[in-house]
Amino acid sequence: MVKLLFQRARPDLHRLIEIGGYSFPSGHAMNAFSLYGILTFLLWRHITARWARILLILISMMMILSIGISRIYLGVHYPSDIIAGYLAGGCWIAIAIWFFQRYQDRRKNKDR
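What the sequence shown shows, in the working numbering, is residues 7 to 118, in sequence order.
Shown next as structure tokens:
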């Protein structure tokens with residue numbers, strides 16, 4: 007819906023692949039941030055070793071950044087498109103985690 011609101015054209019300079027549709031925000035960046043962010047949140051709760059948590063964060067960051075950078079490299083997004091996708095993904099994760107925590111708290115209180 008945001009793409010239809012902004013209707014920003016994709017970059018024309020040195021595009022390595024042809025793709026249609028609007029550019030802003032990047033759906034790939036948003037999906038990557040959402041997927042790896044949620045996976046990190048869920049796995050974090052079950053990993054107790056500090057080194058494993060650090061590795062989890064590093065792998066997630068690497069995947070998120072590499073997907074964003076690859077979209078710029080391919081010439082199908084501006085950097086601002088990627089940043090907006092990350093922000094939209096971050097908002098989605100925050101909402102999902104808030105609802106999840108609220109559900110967990112209600113379930114915990116119901117069991118008492």
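All C-beta atoms, glycine included, are put in the ideal place defined by N, C-alpha and C.
CA-to-CA distance, A94 to I55, given in whole angstroms:
In the sequence shown, counting from the first residue as 1, residue 55 sits at position 49. In the sequence shown, counting from the first residue as 1, residue 94 sits at position 88. For the sequence presented, residue 55 should be read as Ala rather than Ile. Straight-line Cα distance between these residues: approximately 30 Å.
So, does the stretch 65 to 73 touch the stretch 28 to 43, judging by three or more C-beta pairs under 8 Å?
yes
4 or more residues per run - each alpha helix (DSSP H) lying fully within the stretch 17 to 61:
33 to 50
Using the C-alpha atoms, what's the distance from D117 back to H83?
Start at 1 with the first residue of the sequence shown, and residue 83 comes out as number 77. Start at 1 with the first residue of the sequence shown, and residue 117 comes out as number 111. So the alpha carbons of these two residues sit roughly 49 Å apart.
Under the assumption that G159 contacts M36 (Cβ atoms under 8 Å), give the Cβ distance between them as a whole number of angstroms.
Here the chain has residues from 7 to 118 only, and residue 159 is not among them.
Where does the unbroken alpha helix (DSSP H) through T84 begin, and where does it stop?
The count along the sequence shown starts at 1 and reaches residue 84 at position 78. Going by the sequence as given, residue 84 is Tyr instead of Thr. Looking at the DSSP string, Y84 is not in any alpha helix (DSSP H), and its letter there is neither H nor E.
Straight-line gap, H20 to I78 (C-alpha atoms, nearest Å)
Taking the sequence shown and counting its residues from 1, the one referred to as residue 20 is at position 14. Taking the sequence shown and counting its residues from 1, the one referred to as residue 78 is at position 72. Approximately 11 Å, taken between the alpha carbons.
For M7, does the three-state DSSP call read helix, strand or coil?
Here residue 7 is taken as the residue at index 1 of the sequence shown, counted from 1. Here M7 sits in coil by DSSP.
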